[in-house]
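Asker:
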DNA sequence: CGGGCAATCTTGTCAGCGTCTAGATAACCG
DNA sequence: CGGTTATCTAGACGCTGACAAGATTGCCCG
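Residue numbers (the numbering used here), protein chains in the order written: chain A, 8 to 192; chain B, 8 to 192.
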């Protein structure tokens with residue numbers, strides 16, 4: 008679309024989408040600014056103008072990821088659904104998820120990124136608070152670790168079968184009912 | 008030591024250690040074969056002979072990681088201690104941990120890597136089996152997700168305070184006793 | 001003991017990369 | 001309409017990973 012004009016029209020989004028495509032299929036290490044430029048049909052240095060540098064591009068993806076995650080979480084109304092939403096986000100937005108927690112890929116101190124991350128973290132702990140008022144820190148950490156670990160392992164291919172959200176529902180059921188895990192003490 | 012001779016002596020280990028150093032401080036993306044060669048005091052193409060290519064190097068690190076993890080796990084005698092051992096491994100070997108589950112960085116199908124991974128996975132699920140014979144798959148996944156998620160978040164800087172293993176002990180206590188998490192159903 | 005063989009390392013080369021610079025083009029706004 | 005600014009191009013630089021060909025060394029077998 009509109010490959011003939013000097014100005015691209017929406018190069019920023021175009022590059023972002025191409026980058027997400029690459030990350031999803033080949034990982035963040037496979038990203039090349041010049042390749043993204045080629046895909047968008049612009050000169051090799053054009054993308055840099057929108058993102059500063061490569062890390063800037065990844066930072067933009069991370070921010071977008073946190074914002075999208077916040078939307079996913081806003082729908083959940085219960086602790087376990089918060090976890091399910093988290094896992095659903097990870098499976099439906101693998102490229103974003105892959106970048107969001109990789110400090111070394113982004114400008115970790117970018118104000119916009121810090122803000123987006125904080126906002127999402129607030130939604131998480133806030134959600135936990137409403138269900139588990141006392142000692143919500145430990146409970147929140149546990150829930151977050153569980154969801155994050157499951158999503159990460161899933162994305163990494165360590166868990167292979169079935170539907171992600173359903174499997175996650177099953178294992179969180181296990182923990183929350185405590186039926187087949189040993190109750191210590 | 009022994010920097011004068013034509014042959015390095017133990018270039019392989021030397022490069023591995025340098026690589027681990029870089030990963031720990033700057034992430035896997037910051038690795039440069041030529042830089043590692045410089046650190047070891049050899050020519051720029053020397054490391055490639057030992058690892059084939061860059062992914063080969065990362066693969067070697069991942070293998071070493073799985074083997075070390077297996078040692079950590081072999082000490083644990085109870086499910087919760089298995090998790091603690093997992094977290095302890097991650098905090099004490101952050102560079103290995105960072106690489107082990109990053110498919111895009113390694114030769115994911117390398118036979119030695121596949122074998123090492125399988126062996127460690129066996130120790131994990133085996134450990135779960137002894138404690139939770141029935142439906143050990145869900146229980147194992149849950150425990151693994153929890154430990155892995157916690158370790159990943161910790162390493163990523165999302166969890167900031169206190170001792171990792173102690174904090175993890177606290178949150179797993181939460182789940183296993185089910186004291187302050189809602190018991191659904 | 002010695003000769004050859006394989007492992008190890010060096011040197012040189014190549015295309016591709018990220019980033020910087022200066023300059024061209026186009027859109028916008030008073 | 002004119003100037004300012006955002007956007008994009010074009011060229012250059014040093015660096016990278018990978019490959020090829022050759023030098024050096026340790027080691028094993030005769």
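Ideal placement from N, C-alpha and C gives every residue a C-beta, glycine not left out.
Count the other CB atoms within 10 Å of the CB of residue 92 of chain A; is the residue buried (16 or more) or exposed (fewer)?
Answerer: Stepping through the first chain from its first residue, residue 92 of chain A is reached at position 85. Label assigned to residue 92 of chain A: buried.
Asker: What are the residues in the segment 88-115 of chain A lying within 7 angstroms of chain B by C-beta distance?
Answerer: 108, 110, 111 and 112
Asker: What is the rounded straight-line gap between the Cα of residue 156 of chain A and the Cα of residue 45 of chain A?
Answerer: For the purposes of this step, residue 156 of chain A is identified with residue 149 of the first chain, where counting begins at 1. For the purposes of this step, residue 45 of chain A is identified with residue 38 of the first chain, where counting begins at 1. So the alpha carbons of these two residues sit roughly 36 angstroms apart.
Asker: Grab me the residues of residue 106 of chain A's own chain with a C-beta within less than 8 angstroms of its C-beta, minus the 5 sequence neighbours each way, in chain order.
Answerer: Within the first chain, the letter at position 99 stands for residue 106 of chain A. Counting only Cβ-Cβ distances below 8 angstroms, and skipping sequence neighbours, we find 30, 35, 65, 68, 69, 72, 112 and 113.
Asker: Does DSSP classify residue 8 of chain A as helix, strand or coil?
Answerer: By one-based count along the first chain, residue 8 of chain A stands at place 1. Residue placement at residue 8 of chain A cannot be trusted, given a pLDDT of 41 that sits under 50; the coordinates are not used to answer.
Asker: In angstroms with no decimal places, state the Cα-to-Cα distance between residue 162 of chain A and residue 159 of chain B.
Answerer: Here the question's residue 162 of chain A lines up with position 155 in the first chain. Here the question's residue 159 of chain B lines up with position 152 in the second chain. Cα to Cα, residue 162 of chain A sits roughly 13 angstroms from residue 159 of chain B.
Asker: Run down chain A in chain order and give the residues with a C-beta less than 9 angstroms from the C-beta of residue 159 of chain B.
Answerer: Position 152 of the second chain holds residue 159 of chain B. Simply 108, 152, 155, 156 and 159.
Asker: Short of 8 angstroms Cβ to Cβ, which residues in the segment 43-77 of chain A face chain B?
Answerer: Near chain B, meaning a CB-to-CB distance below 8 angstroms, no residue of the segment 43-77 of chain A qualifies.
Asker: Taking Cβ positions only, does residue 177 of chain A come closer than 7 angstroms to chain B?
Answerer: Position 170 of the first chain, counting from 1, holds the residue named residue 177 of chain A. Yes - at least one Cβ of chain B is within 7 angstroms of the one on residue 177 of chain A.
Asker: I need the straight-line Cα distance from residue 192 of chain A to residue 177 of chain B, nearest angstrom please.
Answerer: Indexing the first chain from 1 puts residue 192 of chain A at position 185. Indexing the second chain from 1 puts residue 177 of chain B at position 170. Residue confidence is low: residue 192 of chain A scores 35 on pLDDT, short of 50, so the model does not pin down where it sits. Its coordinate-derived value is still stated next. Residue 192 of chain A and residue 177 of chain B: Cα-Cα distance of roughly 13 angstroms.
Asker: Count the other C-beta atoms from every protein chain shown that fall within 10 angstroms of the C-beta of residue 41 of chain B, then say buried if there are 16 or more, exposed otherwise.
Answerer: Counting from one through the second chain, the residue named residue 41 of chain B turns up at place 34. It counts as exposed.
Asker: Could you compute how far the alpha carbon of residue 125 of chain A sits from the alpha carbon of residue 16 of chain B?
Answerer: The sequence position of residue 125 of chain A within the first chain is 118, counting from 1. The sequence position of residue 16 of chain B within the second chain is 9, counting from 1. Rounded to the nearest angstrom, the two C-alpha atoms are 50 angstroms apart.
Asker: Classify residue 84 of chain A as helix, strand or coil using the three-state DSSP reduction.
Answerer: Against the first chain, residue 84 of chain A aligns to sequence position 77. Residue 84 of chain A: coil per DSSP, three-state reduction.
Asker: Relative to the C-alpha of residue 84 of chain B, which residue among B:132, B:108, B:63 and B:97 is closest?
Answerer: Counted from its first residue, the second chain places residue 84 of chain B at position 77. The closest CA to that of residue 84 of chain B, considering only B:132, B:108, B:63 and B:97, is found on B:132.
Asker: List the endpoints of the continuous alpha helix (DSSP H) containing residue 35 of chain B.
Answerer: Sequence index remark: in the second chain, residue 35 of chain B carries index 28 (1-based). From DSSP, residue 35 of chain B is part of no alpha helix (DSSP H); its letter is neither H nor E.
Asker: Does residue 22 of chain B come out as helix, strand or coil in the three-state DSSP assignment?
Answerer: On the second chain, residue 22 of chain B is found 15 positions in, with the first residue counted as 1. In the structure shown, residue 22 of chain B sits in a helix (DSSP, three-state: H, G or I).
Asker: At a Cβ threshold of 7 angstroms, is residue 182 of chain A touching chain B?
Answerer: In the first chain, residue 182 of chain A corresponds to position 175, counting from 1. Yes, contact with chain B.
Asker: Exposed or buried, what is residue 82 of chain B when buried is set at 16 or more other beta-carbons lying within 10 Å of its beta-carbon?
Answerer: Taking the second chain and counting its residues from 1, the one referred to as residue 82 of chain B is at position 75. Exposed, by the Cβ-count rule.
Asker: Only counting the same chain, and skipping five residues up and downstream in sequence, which positions put a Cβ closer than 6 angstroms to that of residue 121 of chain A?
Answerer: Locating residue 121 of chain A in the first chain gives position 114, where the first residue counts as 1. Result list for residue 121 of chain A: empty, nothing under 6 angstroms.
Asker: Using a cut-off of 7 angstroms between C-beta atoms, extract the partners of residue 145 of chain A located in chain B.
Answerer: Taking the first chain and counting its residues from 1, the one referred to as residue 145 of chain A is at position 138. In chain order: 177, 178 and 181.
Asker: List in chain order: all unbroken alpha helix (DSSP H) runs of 4+ residues lying wholly within the segment 83-162 of chain A.
Answerer: 86-99, 101-107 and 118-138
Asker: Put residue 79 of chain B into one of helix, strand or coil per three-state DSSP.
Answerer: Walking along the second chain from the start, residue 79 of chain B turns up at place 72. If DSSP states are grouped into helix, strand and coil, residue 79 of chain B belongs with the helices.
Asker: Contact criterion: CB-CB distance below 7 angstroms. Does residue 27 of chain B meet it with respect to chain A?
Answerer: Counted from its first residue, the second chain places residue 27 of chain B at position 20. With 7 angstroms as the cut-off, residue 27 of chain B does not count as an interface residue toward chain A.
Asker: Taking all protein chains shown into account, decide if residue 118 of chain B is buried (16 or more other Cβ within 10 angstroms of its Cβ) or exposed.
Answerer: What you label residue 118 of chain B is simply residue 111 of the second chain in a count that begins at 1. Burial call: exposed.
Asker: Among A:100, A:166, A:23 and A:154, whose alpha-carbon lies nearest the alpha-carbon of residue 60 of chain A?
Answerer: Working through the first chain from its first residue, we reach residue 60 of chain A at position 53. Of the listed residues, the one whose Cα sits closest to residue 60 of chain A is A:23.
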